[in-house]
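Numbering-wise (our numbering), the sequence shown opens with residue 11 and increments by one. A virtual CB, placed ideally from N, CA and C, is assigned to each residue, including glycine.
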Amino acid sequence: MATAADLSKLLDREYENKSLTELVKAPVSALAGISEGDAKLLKEAFKINTVGDLGRNKYFRTATALVDLADSTK
């Protein structure tokens with residue numbers, strides 16, 4: 011099943027028309043609000059280079075799961 015989503019507010023302009031496969035392989039700075047400096051710090055601290063690396067990072071996934079669980083008990 012095909013789905014559509016407007017990701018323009020989440021991405022830098024040059025990445026707005028990329029496929030999900032391309033976005034996962036894109037540098038983390040493709041995300042709106044993440045500067046090249048931020049990307050450098052993520053790389054140094056967590057070895058995160060791409061959007062996929064960020065989304066698959068065990069610390070970020072753990073934090074997201076904890077927030078989701080906490081929010082679901084409200």
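- In this structure, Leu21 lies away from Leu52, with their beta-carbon atoms at least 8 Å apart.
- Under the DSSP assignment, Arg71 falls in the alpha helix (DSSP H) whose first and last residues are 68 to 82.
- Leu33 carries a helical assignment under DSSP once its states are collapsed to helix, strand and coil.
- Annotated three-state conformation of Leu20 is coil, per DSSP.
- DSSP lists no bridge partner for Leu51.
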